[in-house]
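Visitor: Can you read through this structure? Questions will come right after.
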């Protein structure tokens, strides 16, 4: 039996004392394909031979592969292997072999692996490539790769793992229970259904949290990027022993167009995770907390941002990656909370090497408004301004990007060129992906325990409100409020003199005057707040005072973006003041300030 497997490269290339890595592993991050392992990491040191060669900078408006240049020819042979170790459960319940060794020069890189099984031995053939006819520094170059072992067809028992003749001390153990449970864990679940176990079994870390997301409430406007999506609750896994061992809590995974979930993760394809933050931090610890804290710091800096932030970008999973080569940063929010998006090659790509379309993806990292959930979207993208694969890299670009004296200049030029591209110069258009992720919405059920505690501590008046399931606090009675100001938080503008904007809320319905026209809309309860449904608005045009129609348009747009509220009660249960919060187009928060007449 001969099985092709996926490789997660960790090319630890020692270039004049510079350590670089380009790694990923199942459950540590998006698993890259075999082709993504072909990262050209050559360093040209024959300066005399190349003294007269001119390095062409990357032109962001044109392809980085000149038509007149031939792709680099590669020669391939078996890679030296010095050690092999094995661990289990890198996020998807699989086995991973960590293979390390030393390449003979700075131009060589790990190109591919093949896996075969002989009796009870899993054999991994690791190959290395180098550009033909290229002068290279005779520098010993350490490498390490993680190989996802394909155990789906193995019988129950213990297996030895061998890579290019070197044997791991640890054994791969295939148990009967794992084999019988595997189809359930891997089967695609139709939209809104859950693969979580039923009955009185022990609940895995984070499972209760993800179960609170209402199955029918998760919405995503695909906008032509895909025809359908499906989501499933995936079981969590504890951190695996050994180097690099990490775990994942129970999580929601979205896939598109009926694609197999495990295959998508293995192929570095289109997927979105929703993680329970507290459960992830409890399971993994500081590695996750650092990613969440970095994301929160970017969110806190969003208001007033005038230039790109510094490295790194956040990413979950993997909790140990460093997103140091990225472009096209944008503060971007979903319907459930704030976040950021960026385009990057691959996790942990920090050092020299040319950027190609292979492995390049759109990343969104966000939090729910209450901080309970972490949203992570991965979507492959490409542009004509980059070579497609490492084999398509022109020799002059390879030389510039891997020579430690010119690599930094290459990165600066490439980053400037890619940042200058319009969203439409990427495939798919980045703005289409922005609109899709911005449409993400879901509702969270209130935990039963919290409801019981609230009832015990509630006053008679509060108990009556609790019994009215779905009631919005300011709509439990007829509430009339006048708008006094609205706009960005801390910079609200007062309502124009001579105009009146008022709302009346009763029985989960809002009616009011927007300054010129009257409107009507349903109030739709959410978990801890409410939103405003589609507005019905009259069609009058008012000319005075100046700006009244512009103010009305802005107010109605703000009203439909409502995502939170605060209110004050007087001595009686009457609402005396309220704030309705909403999201501005630039991703920052706005507020509408109301008072009772």
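In our numbering, the protein residues as written are 532 to 1128.
Just so it is clear, CB atoms sit at the ideal spot from N, CA and C, and this is done for glycine as well.
Note that the structure is a prediction, hence the values are computed from the model and not measured.
1) What residue range does the beta strand (DSSP E) around residue 619 cover?
2) With a Cβ-Cβ cutoff of 8 Å, do residue 737 and residue 767 count as a contact?
3) Verify whether the separation of the beta carbon atoms of residue 1063 and residue 1052 is less than 8 Å.
4) Jot down the residue ranges of each uninterrupted beta strand (DSSP E) in the stretch 642 to 700, minimum 3 residues, whole runs only, in chain order.
5) Here's the rule: buried if 16 or more other CB atoms are within 10 angstroms of the residue's CB, otherwise exposed. What is residue 570?
6) Buried or exposed, going by whether 16 or more other CB atoms sit within 10 Å of the CB of residue 659?
7) Near residue 960, what residues of its chain come up, given a Cβ to Cβ distance below 7 Å and the 5 sequence neighbours on each side ignored?
8) In whole angstroms, give me the CA-to-CA distance for residue 819 and residue 780.
9) Does residue 1055 come out as helix, strand or coil in the three-state DSSP assignment?
10) Rounded to a whole number of angstroms, what is the C-alpha to C-alpha distance between residue 831 and residue 838?
11) To the nearest angstrom, how far is the alpha carbon of residue 645 from that of residue 657?
12) Run through the stretch 776 to 855 for me and flag every whole alpha helix (DSSP H) of 4 or more residues, listed as ranges in chain order.
13) Residue 743 bridges to which residues according to DSSP?
14) Sorted by chain position, which residues of the same chain lie with C-beta nearer than 6 Å to residue 754's C-beta, five sequence neighbours on each side aside?
15) What is the rounded straight-line gap between the Cα of residue 617 and the Cα of residue 1088?
16) Go to residue 931, then tell me how far its alpha helix (DSSP H) extends in each direction, as first and last residue.
17) Taking its Cβ as the centre, do 16 or more other Cβ atoms sit within 10 Å of residue 1082, making it buried, or is it exposed?
18) Measure how close the beta-carbons of residue 803 and residue 826 come, nearest whole angstrom, since I'm counting them as under 8 Å.
19) If you run the structure through DSSP and keep just helix, strand and coil, what is residue 1076?
20) Is it buried or exposed for residue 604, if we count other Cβ within 10 angstroms and need 16 for buried?
21) Less than 8 Å between the beta carbons of residue 692 and residue 628, yes or no?
22) When you compare each of 969, 1078, 741 and 696 to residue 1031 by their alpha carbons, which one comes out closest?
23) For residue 810 and residue 903, I'd like the C-alpha separation in whole angstroms.
24) Considering just the uninterrupted stretch of the alpha helix (DSSP H) at residue 969, what are its terminal residues?
25) Under the three-state reduction of DSSP, which class applies to residue 1067: helix, strand or coil?
26) With distances taken from CA atoms, which of 1019, 1034, 1033 and 1015 is nearest residue 1025?
27) Would you say residue 1094 reaches chain D, if we count a Cβ-Cβ gap shorter than 8 Å as a contact?
28) List the residues that DSSP assigns as beta-bridge partners of residue 631.
29) Quick check on residue 1121: buried or exposed, where buried means 16 or more other Cβ atoms within 10 Å of its Cβ?
30) Go to residue 940, then tell me how far its alpha helix (DSSP H) extends in each direction, as first and last residue.
31) Please list the terminal residues of the continuous beta strand (DSSP E) segment that includes residue 606.
32) Can you grab the Cα-Cα spacing for the pair residue 721 / residue 845, in whole Å?
33) Along the chain, where does the beta strand (DSSP E) that runs through residue 896 open and close?
34) Could you check the C-alpha separation between residue 790 and residue 611 for me, to the nearest Å?
35) Please list, in chain order, all residues of the same chain as residue 911 whose beta carbon is under 6 Å from its beta carbon, the five residues on each side excluded.
36) Cβ of residue 633 within 8 Å of Cβ of residue 673?
Guide: To lay it out plainly:
1) Taking the first residue of the chain shown as position 1, residue 619 is located at position 88. Taken as a continuous stretch (DSSP letters only), the beta strand (DSSP E) holding residue 619 covers 614 to 619.
2) On the chain shown, position 206 is the one that residue 737 refers to. On the chain shown, position 236 is the one that residue 767 refers to. Going by C-beta atoms, residue 737 is nearer than 8 Å to residue 767.
3) Within the chain shown, the letter at position 532 stands for residue 1063. Within the chain shown, the letter at position 521 stands for residue 1052. In contact: residue 1063 and residue 1052 (Cβ atoms closer than 8 Å).
4) 652 to 662, 672 to 680 and 688 to 694
5) Position 39 of the chain shown, counted from the start, is the residue given in the question as residue 570. Low confidence applies to residue 570: its pLDDT is 44, below 50, so where it sits in the model is not reliable, and the reading given next is rough at best. So residue 570 ends up on the buried side.
6) What you label residue 659 is simply residue 128 of the chain shown in a count that begins at 1. The residue is buried, with at least 16 neighbouring Cβ atoms inside 10 Å.
7) To locate residue 960, count along the chain shown from 1; it is residue 429. 954.
8) Taking the chain shown and counting its residues from 1, one reaches residue 819 at position 288. Taking the chain shown and counting its residues from 1, one reaches residue 780 at position 249. Spanning the two alpha carbons is a distance of roughly 11 Å.
9) Position 524 of the chain shown, counting from 1, holds the residue named residue 1055. Looking at residue 1055 - three-state DSSP - the assignment turns out to be strand.
10) Within the chain shown, the letter at position 300 stands for residue 831. Within the chain shown, the letter at position 307 stands for residue 838. In a straight line, the C-alpha of residue 831 is about 14 Å away from that of residue 838.
11) Start at 1 with the first residue of the chain shown, and residue 645 comes out as number 114. Start at 1 with the first residue of the chain shown, and residue 657 comes out as number 126. Cα to Cα, the separation comes out at about 7 Å.
12) 792 to 797, 808 to 815 and 817 to 831
13) Taking the first residue of the chain shown as position 1, residue 743 is located at position 212. Paired residues: none, contrary to the question.
14) To locate residue 754, count along the chain shown from 1; it is residue 223. Closer than 6 Å at the Cβ level, and outside the excluded window around residue 754, lie 963, 966 and 967.
15) For the purposes of this step, residue 617 is taken as residue 86 along the chain shown, with counting starting at 1. For the purposes of this step, residue 1088 is taken as residue 557 along the chain shown, with counting starting at 1. Answer to the nearest angstrom: the Cα atoms are 56 Å apart.
16) For this step, residue 931 is matched to residue 400 along the chain shown. Element bounds for residue 931: 926 to 933.
17) Here residue 1082 corresponds to residue number 551 of the chain shown, with the count starting at 1. It counts as buried.
18) In the chain shown, the residue the question calls residue 803 occupies position 272. In the chain shown, the residue the question calls residue 826 occupies position 295. In fact, because the Cβ distance is near 15 Å, the residues do not count as touching under 8 Å.
19) In the chain shown, counting from the first residue as 1, residue 1076 sits at position 545. Residue 1076 falls in the coil class under three-state DSSP.
20) Numbered from 1 along the chain shown, position 73 holds the residue referred to as residue 604. It counts as exposed.
21) Your numbering for residue 692 matches position 161 in the chain shown. Your numbering for residue 628 matches position 97 in the chain shown. In contact: residue 692 and residue 628 (Cβ atoms closer than 8 Å).
22) The sequence position of residue 1031 within the chain shown is 500, counting from 1. Among 969, 1078, 741 and 696, the Cα nearest to that of residue 1031 belongs to 1078.
23) Residue 810 sits at position 279 when you count from the first residue of the chain shown. Residue 903 sits at position 372 when you count from the first residue of the chain shown. Cα to Cα, the separation comes out at about 9 Å.
24) For the purposes of this step, residue 969 is taken as the residue at position 438 of the chain shown. Its alpha helix (DSSP H) spans residues 961 to 969.
25) In the chain shown, counting from the first residue as 1, residue 1067 sits at position 536. Strand at residue 1067.
26) To locate residue 1025, count along the chain shown from 1; it is residue 494. It is 1015 whose Cα lies nearest to the Cα of residue 1025.
27) The chain inventory of the structure shown lacks chain D, comprising one protein chain alone.
28) In the chain shown, residue 631 corresponds to position 100, counting from 1. Bridge partners of residue 631: 614 and 675.
29) In the chain shown, the residue the question calls residue 1121 occupies position 590. Classification of residue 1121: buried, given that the 10 Å Cβ count is 16 or more.
30) What you label residue 940 is simply residue 409 of the chain shown in a count that begins at 1. Here the alpha helix (DSSP H) through residue 940 covers 938 to 951.
31) Taking the first residue of the chain shown as 1, we reach residue 606 at position 75. Start and end: 605 to 609.
32) By one-based count along the chain shown, residue 721 stands at place 190. By one-based count along the chain shown, residue 845 stands at place 314. In this prediction, residue 721 scores a pLDDT of 44, lower than 50, which makes its location untrustworthy; the coordinate-derived value is nonetheless stated afterwards. Between residue 721 and residue 845, the C-alpha separation is close to 30 Å.
33) Here the question's residue 896 lines up with position 365 in the chain shown. Unbroken beta strand (DSSP E) run through residue 896: 892 to 898.
34) Against the chain shown, residue 790 aligns to sequence position 259. Against the chain shown, residue 611 aligns to sequence position 80. Rounded to whole angstroms, residue 790 to residue 611 spans 37 Å at the Cα level.
35) Locating residue 911 in the chain shown gives position 380, counting from the first residue. Contacts found: 892.
36) If you number the chain shown from 1, residue 633 lands on position 102. If you number the chain shown from 1, residue 673 lands on position 142. Their beta carbons are under 8 Å apart, which means residue 633 touches residue 673 by this criterion.
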